[in-house]
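>
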Amino acid sequence: MTTEIEDDPKFVDLLNHLWQSRGFDFSGYKRTSLMRRVRKRMSEIQLEDFVDYKDYLEVHPNEFVNLFDTILINVTAFFRDATAWDYLKEQIIPKIIASKSELEPIRVWSAACASGEEAYTLAILFAEALGIKEFSRRVKIYATDADENSLNTARQANYMLRSIENIPEEYREKYFTKDGEIYSFIPTLRKSVIFGRHDLVQDPPISRVDLLVCRNTLMYFNSETQNRILARFNFALNENGFLFLGKAEMLLTHTDSFTQADLKQRVFIKTQKVFSLEKLLPIQSPHYSTLNDDDKSQKLTEASMDSSLVSQLLIDHTGTLIVANKNARTLFNLKNQDIGKALQDLEISYRPVELRSLIEQAYSERQPIKVPKIERILANRKVQFLELEVTPLFIKEGQPLGVTVSFVDITTFFNLRMELEASNQELETANEELQSAHEELETTNEELQSTNEELETTNEELQSTNEELETMNEE
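Numbering (the working numbering), first residue to last: 15 to 489.
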């Protein structure tokens with residue numbers, strides 16, 4: 015039965031489609047569990063055949079979100095398995111703090127954090143141990159997940175009452191504010207929890223970590239993938255760092271990487287094992303090995319662009335969108351189906367800026383065109399500021415080949431500059447007020463000096479009168 019599942023060509027074709035179209039490689043997941051989760055989602059939309067479901071995904075791109083939500087089982091809670099968290103609070107966190115000097119930072123990684131409950135639980139326990147002020151100064155909690163939708167929920171830090179029922183009452187009152195039915199994690203601790211997308215299978219690990227929490231996630235991967243992920247976890251942890259797993263995970267086959275701190279609570283200590291570089295490199299997808307050299311070069315180019323922090327588009331001389339890197343796709347909600355379409359048919363051609371006229375200008379002037387500030391209103395009504403550069407590309411004969419379009423998010427820089435300008439203005443106002451006060455004090459001082467001189471003159475007159483009276487008295 016297992017061999018049939020492994021070799022089902024329709025299911026393999028569906029997995030290939032997920033990898034090629036959305037970059038999710040599920041080859042490291044347990045095939046039986048993976049197929050069960052996919053079939054569950056298919057049954058919800060009344061489909062039975064994998065080929066039909068692949069066609070459905072191509073027609074309904076939003077279905078990817080529903081499928082990934084089903085596959086990536088985001089089951090989590092505050093203080094889930096309370097006795098394990100009590101052990102962490104009473105035994106592990108004090109050891110981590112005691113091993114550090116007062117100036118050393120404490121780094122925590124909440125891997126596969128889902129909607130953030132466990133990351134905020136960690137924040138509460140460290141804040142209780144250190145105090146809120148010291149926590150804010152020393153602790154950084156890196157919370158990662160492969161599901162961007164879950165991360166968006168986690169970043170909001172807003173939860174309904176049913177989500178925080180497991181939190182002890184004293185913690186609830188201390189670390190949450192209530193607004194109607196919504197409980198929000200307090201901002202003073204929230205800013206120390208950093209959320210980001212991370213694939214345990216493909217992305218390099220966060221390093222120099224004192225405590226790594228990854229609960230009930232490894233059990234979804236096959237043994238080879240588990241071994242590679244645990245090698246990365248070992249690499250990520252500091253000497254004698256702690257690994258906290260879920261109650262469904264035993265780690266019995268990896269005793270050379272970790273030793274038990276408490277098997278019942280699933281807490282382990284890193285051993286000083288050195289892993290081969292191969293285990294720390296991204297796991298190569300079996301689908302990738304079937305690509306020819308040209309395809310591999312293209313994938314390498316796309317991966318290079320996707321790793322850029324700048325949102326980039328590549329448009330050929332006919333006005334066709336050739337490449338949009340990961341940041342650009344996320345920023346402007348571009349889909350894989352948009353690649354190959356005419357720019358004029360896409361919203362990005364006119365929003366947030368009229369792009370086609372800038373491209374024509376770049377071709378005409380044969381030099382990069384820069385727009386230093388573009389204001390963009392987001393769906394949540396927040397304002398984003400972008401810097402744009404359109405760079406024309408020409409072949410040797412001088413004929414236009416295409417353009418690269420780069421967007422840089424300068425919102426943080428712009429806001430800081432505005433705050434700086436406001437501070438400078440406040441300083442100028444305060445300086446003017448001080449100058450005015452200084453001048454008033456100088457005027458008052460002169461008046462006091464004049465009054466003093468008048469008093470001295472009066473005193474001399476009185477003294478002279480007194481001398482005259484004494485003379486008259488003697489006469």
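Just so it is clear, CB atoms sit at the ideal spot from N, CA and C, and this is done for glycine as well.
Values in this document were obtained by computation on a predicted structure and should not be read as measured data.
1. The alpha helix (DSSP H) that contains Glu379, what's its start and end?
2. Assuming the contact rule is C-beta atoms closer than 8 Å, Val223 and Gly260 should be a hit. Round their C-beta distance to whole Å, please.
3. Give a yes or no on whether the C-beta atoms belonging to Ile362 and Val404 are separated by under 8 Å.
4. Mapping DSSP to helix, strand and coil, what is Gln60?
5. Name, in chain order, the residues that DSSP records as bridge partners for Trp123.
6. Could you spell out where the beta strand (DSSP E) holding Gln413 opens and where it closes?
7. How about Trp123 and Ile220: do their beta carbons lie closer than 8 Å?
8. Please tell me whether Leu323 and Leu335 are closer than 8 Å, where the distance is taken between their beta carbons.
9. Taking Lys154 and Pro119 to be in contact with their CB atoms under 8 Å, please state how far apart those CB atoms are, rounded to whole angstroms.
10. Going by Cα to Cα distance, which pick from Leu402, Thr426, Arg431, Val337 is closest to Ser420?
11. Excluding five sequence neighbours on each side, which residues of the same chain lie with their C-beta closer than 8 Å to the C-beta of Tyr70?
12. Keeping to the same chain, check which residues put their C-beta closer than 8 Å to that of Leu407; ignore five residues upstream and five downstream.
13. Check each candidate in Phe92, Ser150, Phe190 and name the one with the smallest Cα separation from Ser177.
14. Check Ile107 in the structure and name its three-state DSSP category.
15. Name the DSSP bridge partner or partners of Tyr364?
16. Pair every Cβ in the stretch 432 to 441 with every Cβ in the stretch 340 to 347, then say whether three or more of these pairs are closer than 8 Å.
17. Could you tell me if His74 is buried or exposed, where buried requires 16 or more neighbouring beta carbons within 10 angstroms of its beta carbon?
18. Should Ala168 and Phe140 be called a contact, given that it needs their Cβ atoms to be closer than 8 Å?
19. Distance check for Ala444 and Leu81, CA to CA, integer angstroms please.
If we stick to the structure as given:
1. Start and end: 369 to 379.
2. Between Gly260 and Val223 the Cβ distance is about 18 Å, and since that is not below 8 Å, they are no contact.
3. Not a contact, by the Cβ cut-off of 8 Å.
4. DSSP, read as helix, strand or coil, puts Gln60 in coil.
5. Note: Trp123 sits in a beta bridge opposite Tyr156, Leu226.
6. Counting along the chain, Gln413 falls outside any beta strand (DSSP E), and DSSP gives it neither H nor E.
7. Cβ distance < 8 Å, so Trp123 and Ile220 count as in contact.
8. In this structure, Leu323 keeps its C-beta atom at 8 Å or more from the C-beta atom of Leu335.
9. Lys154 to Pro119, Cβ: 6 Å. Contact.
10. It is Leu402.
11. Within the same chain, Ile59, Leu61, Glu77 come within 8 Å of Tyr70 by CB-CB distance, once the 5 residues on both sides are set aside.
12. The beta carbon of Leu407 sits closer than 8 Å to the beta carbons of Pro414, Leu415, Gly416, Val417, Thr418 from its chain, once the five residues preceding and following it are set aside; these are given in chain order.
13. If we check each option's Cα against that of Ser177, Phe92 comes out closest.
14. In the three-state reduction of the DSSP assignment, Ile107 falls in the helix class.
15. For Tyr364, which the question treats as bridged, DSSP gives no partner whatsoever.
16. Contact between the stretch 432 to 441 and the stretch 340 to 347 is not established, with fewer than three Cβ pairs separated by less than 8 Å.
17. Burial check for His74: the Cβ neighbour count within 10 Å stays below 16, so the residue is exposed.
18. Contact flag unset, no.
19. Using only the alpha carbons, I get a separation of about 58 Å.
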